[in-house]
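Sequential numbering from 19 applies to the sequence shown in this note's numbering.
Have a look at the structure below, then the notes.
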Amino acid sequence: MKILNRLFRSTDDESIQLLDDKILFSAILLIAISMIMVYSAPIAYAAHDKLIHNQYYYLIRHLFYSVIGLVAGIIAFILPTSFWRKYATFIAVAIVFLLIIVLIPHVGTVVNGSRRWIGVGMLHIQPSEFAKLCVTIYLSDYVCNKYLNLKHFWTDLFPALGAICGIALLLLLEPDMGSATVIFIIALSIFFMANIDKKIIFSLSIMGLISFIGLIIITPYRMRRVLGFIDPWQDALGKGYQLTHSLLAVGHGGLFGVGVGNSIEKLFYLPEAHTDFIMAIIAEEFGVIGIVTILILFWIIFYRGFTIIGSEARKLGNRKFQSLLAQGISIWLFSQALINIGVTIGILPTKGLTLPFVSYGGSSMLVSCIALAILLKIDYENREINRELMANSDDKITN
Numbered sequence: 019m020k021i022l023n024r025l026f027r028s029t030d031d032e033s034i035q036l037l038d039d040k041i042l043f044s045a046i047l048l049i050a051i052s053m054i055m056v057y058s059a060p061i062a063y064a065a066h067d068k069l070i071h072n073q074y075y076y077l078i079r080h081l082f083y084s085v086i087g088l089v090a091g092i093i094a095f096i097l098p099t100s101f102w103r104k105y106a107t108f109i110a111v112a113i114v115f116l117l118i119i120v121l122i123p124h125v126g127t128v129v130n131g132s133r134r135w136i137g138v139g140m141l142h143i144q145p146s147e148f149a150k151l152c153v154t155i156y157l158s159d160y161v162c163n164k165y166l167n168l169k170h171f172w173t174d175l176f177p178a179l180g181a182i183c184g185i186a187l188l189l190l191l192e193p194d195m196g197s198a199t200v201i202f203i204i205a206l207s208i209f210f211m212a213n214i215d216k217k218i219i220f221s222l223s224i225m226g227l228i229s230f231i232g233l234i235i236i237t238p239y240r241m242r243r244v245l246g247f248i249d250p251w252q253d254a255l256g257k258g259y260q261l262t263h264s265l266l267a268v269g270h271g272g273l274f275g276v277g278v279g280n281s282i283e284k285l286f287y288l289p290e291a292h293t294d295f296i297m298a299i300i301a302e303e304f305g306v307i308g309i310v311t312i313l314i315l316f317w318i319i320f321y322r323g324f325t326i327i328g329s330e331a332r333k334l335g336n337r338k339f340q341s342l343l344a345q346g347i348s349i350w351l352f353s354q355a356l357i358n359i360g361v362t363i364g365i366l367p368t369k370g371l372t373l374p375f376v377s378y379g380g381s382s383m384l385v386s387c388i389a390l391a392i393l394l395k396i397d398y399e400n401r402e403i404n405r406e407l408m409a410n411s412d413d414k415i416t417n
């Protein structure tokens, strides 16, 4: 309570503000939109499903997940950021263990042909969601190791790349190429921000692109998705079904949308309307204005987390880990949001990625709240240090 009082107390001294309200309120608005849309998008399915037969089913569960996410976020905020660095390797080992466990038959739950979930009571934990945060923490710590020379590929960078490739392989076995792609983006971004030799960055980018194309070519269902993405209308009732209905939803929404609750595509037409394709229903009910609003909110989180927190951390010194972690989280959330929206409007192939803070799903909401809390904690610590430095400076001047 003492911390919360200090965060939100009213003051005329701007230096006393110890929390970035723009990041916090952007996330709160995204979650508020999520509550509306998770009730609206699956309402027809929930009301007519013989097992559920309750139009509030998904909303109640989403509220439950959000409360758990809030509690987890508060715990993550209470912990000092040094905690994540201290246990970074342990966290990486733990996520590898979970990614192996989920692949075991009768342990991992299969949904729509993918084995991605571990059932724990009401919750179904999706390790791939947590893998994104774990990789961000692990790499932020790894590249800060003072004994490393980041220009030596085989001795210093290869072990980290081996760990990332191992995690990506486990994700591909589920299969979850979307999460593997996001993790590759996170890893490449952190290496770039750590000032690793640009030739290595370029080589890794080329290798990643070749691997991405190769995985599509050798896997029939991925190839069908790409062909459906290139020309979804050619087989609108087959491989292009989901994308065509997503595009119909976006087109039907127009500039201002048809109004909350008035979507047609959610009426048993668009599959996964409340999860991976919730943005299509937002576009139909709120129009282009809704898409732009979502993008602006994610941009605020990205911009504040990447530039403000990152620059402050560099000024303070000895905060490289926190700086990289903040930037890594910002890039992860923003890139995943861009991919999800890109899939919705048909400029990217279907990837099966949720929209952070917005899509229905316990693991997605939980890990998003934890990541946001860590981002806010980094900023909180930086502001605290700044305030102490200013107080000490004032004391010296007075003396």
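Glycine included, every Cβ here is placed at the ideal spot set by N, Cα and C.
None of these values were measured; they are calculated from a predicted model.
When the distance is taken between beta carbons, is residue j closer than 8 Å to residue i?
{"i": "residue 299", "j": "residue 59", "result": "yes"}
{"i": "residue 211", "j": "residue 345", "result": "yes"}
{"i": "residue 302", "j": "residue 278", "result": "no"}
{"i": "residue 356", "j": "residue 48", "result": "no"}
{"i": "residue 222", "j": "residue 368", "result": "no"}
{"i": "residue 134", "j": "residue 192", "result": "yes"}
{"i": "residue 146", "j": "residue 197", "result": "yes"}
{"i": "residue 294", "j": "residue 371", "result": "yes"}
{"i": "residue 150", "j": "residue 204", "result": "yes"}
{"i": "residue 375", "j": "residue 352", "result": "no"}
{"i": "residue 297", "j": "residue 366", "result": "no"}
{"i": "residue 158", "j": "residue 343", "result": "yes"}
{"i": "residue 71", "j": "residue 53", "result": "no"}
For my contact list, residue i and residue j are in at a C-beta cut-off of 8 Å; report their separation, rounded to the angstrom.
{"i": "residue 317", "j": "residue 154", "result": "The pair is not a contact, with the Cβ atoms about 19 Å apart (cut-off 8 Å)."}
{"i": "residue 136", "j": "residue 125", "result": "7 Å"}
{"i": "residue 16", "j": "residue 209", "result": "Here the chain has residues from 19 to 417 only, and residue 16 is not among them."}
{"i": "residue 234", "j": "residue 240", "result": "5 Å"}
{"i": "residue 202", "j": "residue 381", "result": "With a Cβ gap of about 20 Å, residue 202 and residue 381 do not count as contacting."}
{"i": "residue 162", "j": "residue 339", "result": "5 Å"}
{"i": "residue 378", "j": "residue 292", "result": "4 Å"}
{"i": "residue 41", "j": "residue 337", "result": "About 18 Å separates the two Cβ atoms, so there is no contact after all."}
{"i": "residue 257", "j": "residue 62", "result": "In fact, because the Cβ distance is near 24 Å, the residues do not count as touching under 8 Å."}
{"i": "residue 393", "j": "residue 83", "result": "Rounded, the Cβ-Cβ distance is 20 Å, inconsistent with contact."}
What residue range is occupied by the uninterrupted alpha helix (DSSP H) comprising residue i?
{"i": "residue 311", "result": "296-321"}
{"i": "residue 99", "result": "99-104"}
{"i": "residue 351", "result": "338-362"}
{"i": "residue 61", "result": "61-66"}
{"i": "residue 43", "result": "39-58"}
{"i": "residue 76", "result": "75-96"}
{"i": "residue 178", "result": "176-191"}
{"i": "residue 281", "result": "First-last for residue 281: undefined, no H or E at that position."}
{"i": "residue 232", "result": "216-236"}
In three-state terms, what does DSSP make of residue i?
{"i": "residue 23", "result": "Note that residue 23 has pLDDT 47, beneath the 50 cutoff, so the model's placement of it is unreliable and no number is given."}
{"i": "residue 379", "result": "coil"}
{"i": "residue 153", "result": "helix"}
{"i": "residue 405", "result": "helix"}
{"i": "residue 243", "result": "helix"}
{"i": "residue 133", "result": "strand"}
{"i": "residue 29", "result": "Confidence is the limiting factor: at residue 29 the pLDDT is only 45, short of 50, which leaves the residue's position unreliable, though a coordinate-based value still follows. It is coil, neither helix nor strand."}
{"i": "residue 204", "result": "helix"}
{"i": "residue 143", "result": "strand"}
{"i": "residue 290", "result": "coil"}
{"i": "residue 387", "result": "helix"}
{"i": "residue 249", "result": "coil"}
{"i": "residue 365", "result": "coil"}
{"i": "residue 194", "result": "coil"}
{"i": "residue 110", "result": "helix"}
{"i": "residue 268", "result": "helix"}
{"i": "residue 393", "result": "helix"}
{"i": "residue 170", "result": "coil"}
{"i": "residue 117", "result": "helix"}
{"i": "residue 263", "result": "helix"}
{"i": "residue 372", "result": "coil"}
Just mark residue i as buried or exposed, buried being the case when its beta carbon has 16 or more other beta carbons within 10 Å.
{"i": "residue 89", "result": "exposed"}
{"i": "residue 286", "result": "exposed"}
{"i": "residue 225", "result": "exposed"}
{"i": "residue 74", "result": "exposed"}
{"i": "residue 406", "result": "exposed"}
{"i": "residue 131", "result": "exposed"}
{"i": "residue 388", "result": "buried"}
{"i": "residue 100", "result": "exposed"}
{"i": "residue 45", "result": "buried"}
{"i": "residue 402", "result": "exposed"}
{"i": "residue 274", "result": "exposed"}
{"i": "residue 217", "result": "exposed"}
{"i": "residue 23", "result": "Per-residue confidence for residue 23 stands at a pLDDT of 47, beneath the threshold of 50, marking its modelled position as unreliable; the derived number appears in the next sentence. Classification for residue 23: exposed."}
{"i": "residue 362", "result": "buried"}
{"i": "residue 50", "result": "exposed"}
For residue i, report the span of its beta strand (DSSP E) as first-last.
{"i": "residue 275", "result": "Unbroken run through residue 275: none, as it is neither H nor E."}
{"i": "residue 9", "result": "Because the chain here runs from 19 to 417, residue 9 falls outside it and cannot be looked at."}
For chain C, check one thing: does any of its Cβ atoms lie closer than 8 Å to the Cβ of residue i?
{"i": "residue 307", "result": "Looking at the structure shown, chain C is missing, and only one protein chain is on hand."}
Could you tell me whether any non-hydrogen atom of the ligand GDP is closer than 7 Å to the CB of residue i?
{"i": "residue 237", "result": "This structure lacks the ligand GDP; in fact it carries no ligand of any kind."}
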